[in-house]
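Novice: Okay, here's the structure, questions in a sec.
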Amino acid sequence: MSAEVPPGPDNSRTSEEGAGWACGRRGSFHELLPDRVPDFSWRRPSVLWRSRNDVLARLFGDPANAIRRRCVASLRERGTPAAFTVHRPAPEFSFALVGDPGEGDRSQYAVVPPLLHAAEGTDFMIIASDVIYPTGDAEHYPEKFFRPYKDYPAPIYAVPGNHDWYDGLRGFLHVFCGLDENCSPPPWRGPLAFIPRRLWRHSGAVDAQALAEARRLYRGAPGQQAAQPGPYWAIDTPALRIIGIDTGITGRLDRDQGRWLREVSGGPKPKLLVTGKPLYVDDGHRPGAIEGGGTVDEIVQDPAHHYVAAIGGDIHNYQRYPVRTGDGRTIQYIVSGGGGAFMHATHIIPRTRVVEEDEFRCYPLRGDSLSRYSKLYGRWLRLPGFFELTPEEATAAVEHRLGIKPGRGYRGPAASRRARFVAAVLGVPRNGRARPRFLRLPVRRVPQRFRSELADWDRPPFFKSFLRLDVTETRLRIRCFAATGCGDHETSPPCEDEVTIPLR
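For the sequence shown, UniProt numbering begins at 1 and goes up steadily by one.
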């Protein structure tokens with residue numbers, strides 16, 4: 001394991017400069033960008049049409065379980081061990097974790113320089129959910145996976161997200177598992193089955209030669225190669241077992257994967273779960289159903305399984321909930337989806353009830369999130385003088401609405417009526433209560449094309465994040481680092497949160 005990462009500059013909890021609101025230097029990530037940066041937008045009808053499988057899966061049933069069973073059967077016929085486990089003998093090691101990176105635009109590349117510095121000396125990286133947007137196609141891996149991470153010297157493993165599933169997981173399985181097989185879904189049954197049969201987007205062809213060339217060009221060094229057993233897997237080490245699960249499009253596990261998860265979760269060794277869907281998020285509990293009965297969180301909470309943390313992607317920010325179990329243990333539930341895609345707001349998170357508010361952590365801070373969204377809406381509605389809130393004004397409005405201590409120690413006046421109104425219409429709850437519907441503007445619970453369009457930008461602060469995890473025989477240290485997009489923060493990125501978990 002490498003030496004300690006040096007402490008970074010002020011973070012968003014100490015100053016606006018630490019949050020990236022004022023940049024002294026342009027980020028070096030601009031030099032990493034391809035000659036033509038893709039204009040990623042959900043406004044394009046072609047992108048929406050290619051992403052239609054999400055709507056079809058929710059209306060007519062998610063075929064991911066059936067597709068996954070076929071693919072796993074093919075992997076086992078090829079000789080993949082039934083345990084789907086990678087063994088690493090080192091008792092002490094480090095790894096990086098990046099969630100939801102794959103838009104291929106400036107916000108993804110802005111994460112790369114601070115990631116390479118903070119993750120120096122790590123033994124591998126894990127991508128948690130949505131490796132490739134919008135539909136997981138194999139043709140996008142050269143520019144959205146191989147090229148951005150060409151300078152990361154160690155292997156990369158991944159768990160798929162819902163977007164990786166929109167091509168039937170074919171691109172993901174080819175790149176990470178070496179499986180080139182079309183495991184198309186079985187035909188739907190029922191009176192309306194003709195609709196998904198006609199509209200379902202099947203996976204396209206895989207250009208194996210182009211992918212092999214991209215791997216050789218960008219990530220061809222021997223130390224960068226990894227043999228991932230399947231879409232779900234375990235990395236077993238003497239001190240900690242890391243378990244990654246595939247949650248498909250809608251978040252359900254098939255019964256075979258559920259049986260495997262129960263088996264690999266057994267034994268006294270401490271365990272960490274990596275999942276495409278978080279189990280606790282936005283002060284709510286999403287336990288994760290398993291086909292045939294039971295939930296993922298029941299397995300995590302079972303004291304016989306010795307889980308110490310569960311980390312999920314899908315939601316594009318950072319959140320941490322130290323949840324105490326009935327037997328006196330504490331499990332750290334973490335959301336880590338800020339690896340490159342558009343930002344999901346944190347200011348819509350109510351005053352927490354899952355854990356005490358002073359134990360909850362999020363990045364960006366609610367006030368920074370509200371300030372950024374107010375600027376977006378001010379520009380979009382052409383009312384900047386009314387809508388735009390400074391970080392200080394937004395923090396005061398959040399404090400007023402939620403009745404919490406501000407995340408940054410401002411000493412300014414109380415929130416103005418204008419700031420309180422903007423906070424209300426942009427979704428800040430009132431002491432945990434939902435705001436009136438007639439005030440609601442699209443912030444989160446709207447079709448993704450509007451979320452992406454309004455919550456994506458190309459200037460700092462980006463409010464992206466990633467994790468570094470350091471493991472010894474006695475402890476697990478988890479740190480959340482910020483990627484602001486500022487050149488000031490690239491070599492020593494701000495550490496936004498840190499927790500140390502005893503393993504014995």
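Cβ atoms here follow ideal geometry from the backbone N, Cα and C, with glycine treated the same way. Remember, predicted model here, so these are calculated numbers, not experimental data.
For the beta strand (DSSP E) containing Thr330, list its first residue and its last residue.
Specialist: Thr330 to Ser336
Novice: Roughly how far, in whole angstroms, is the beta-carbon of Gly403 from the beta-carbon of Arg351, given that I think they are within contact range, below 8 Å?
Specialist: 7 Å
Novice: For a test of the three-state rule: what should DSSP assign to Glu263, helix, strand or coil?
Specialist: helix
Novice: Grouping DSSP H, G and I as helix and E and B as strand, with all else coil, what is Lys271?
Specialist: strand
Novice: Tell whether a beta-carbon distance below 7 Å holds between Val296 and Gly284.
Specialist: no
Novice: List the DSSP bridge partners of Pro502.
Specialist: Arg475
Novice: Tell me whether His285 sits in a helix, a strand or coil according to DSSP, three-state version.
Specialist: strand
Novice: For Pro322, which residues does DSSP report across the bridge?
Specialist: Under DSSP, Pro322 shares a beta bridge with Gln332.
Novice: So Asp167 and Ser129 are supposed to be a Cβ contact under 8 Å. How far apart are they, rounded?
Specialist: 15 Å between Cβ atoms; not a contact.
Novice: To which residues of the same chain is Ser371 closer than 6 Å at the C-beta, ignoring the five residues directly before and after it?
Specialist: Non-local beta-carbon contacts of Ser371 in its own chain, meaning distances under 6 Å to residues more than five positions away in sequence, involve Leu389, Pro391 and Ala394 in chain order.
Novice: Given a threshold of 16 other Cβ atoms within 10 Å of its Cβ, counted over all protein chains shown, does Phe84 qualify as buried or as exposed?
Specialist: buried
Novice: In terms of residues, what are the limits of the alpha helix (DSSP H) holding Trp380?
Specialist: Arg366 to Trp380
Novice: Would Asn11 be called buried (16 or more neighbouring beta carbons within 10 Å of its own) or exposed?
Specialist: buried
Novice: When you compare only the Cα positions, how much space is there between Asp207 and Ile67?
Specialist: 21 Å
Novice: Going straight from the alpha carbon of Leu75 to that of Gly230, what length do you get?
Specialist: 7 Å
Novice: Is the CB-CB distance between Gly171 and Ala138 below 7 Å?
Specialist: yes
Novice: Start and end of the beta strand (DSSP E) containing Phe60?
Specialist: Unbroken run through Phe60 is the alpha helix (DSSP H), Asn53 to Phe60; no beta strand (DSSP E).
Novice: Are the CB atoms of Tyr133 and His87 within a distance shorter than 7 Å?
Specialist: no
Novice: Do you know how far the Cα of Leu116 is from the Cα of Tyr152?
Specialist: 7 Å
Novice: For the candidate residues Gly409, Arg353 and Thr474, whose alpha-carbon lies nearest to that of Pro270?
Specialist: Thr474
Novice: Output needed for Asp180: all residues of its chain with C-beta closer than 7 Å, excluding positions within five of it in sequence on either side, in chain order.
Specialist: Cβ within range, chain order: His174, Val206 and Ala208.
Novice: Tell me, which residues are paired with Met125 by DSSP?
Specialist: Ala96 and Ile156
Novice: Determine the DSSP secondary structure at Cys183, reduced to helix, strand or coil.
Specialist: coil
Novice: Taking DSSP's pairing of strands, which residues face Lys464 in a bridge?
Specialist: According to DSSP, Lys464 bridges with Ala483.
Novice: Please classify Ala212 as buried or exposed, where buried requires at least 16 neighbouring CB atoms within 10 angstroms.
Specialist: exposed
Novice: Can you tell me whether DSSP reads Thr291 as helix, strand or coil?
Specialist: Looking at the sequence itself, residue 291 is Glu, so the reference to Thr does not match. Assignment of Glu291 by DSSP, reduced to helix, strand and coil, places it in the coil class.
Novice: What is the C-beta distance between Ala19 and Asp368, in whole angstroms, given that I count them as a contact (C-beta under 8 Å)?
Specialist: 6 Å
Novice: Within its chain, find whatever has a CB closer than 6 Å to the CB of His30; leave out the 5 residues flanking it on each side and keep chain order.
Specialist: none
Novice: Between the alpha carbons of Ala22 and Pro494, how many angstroms are there, rounded?
Specialist: 14 Å
Novice: Which stretch, first to last residue, makes up the beta strand (DSSP E) that contains His174?
Specialist: Taken as a continuous stretch (DSSP letters only), His174 belongs to no beta strand (DSSP E), being part of the alpha helix (DSSP H) at Arg170 to Cys177.
Novice: How big is the Cα-Cα spacing for Ser336 and Ile127?
Specialist: 10 Å
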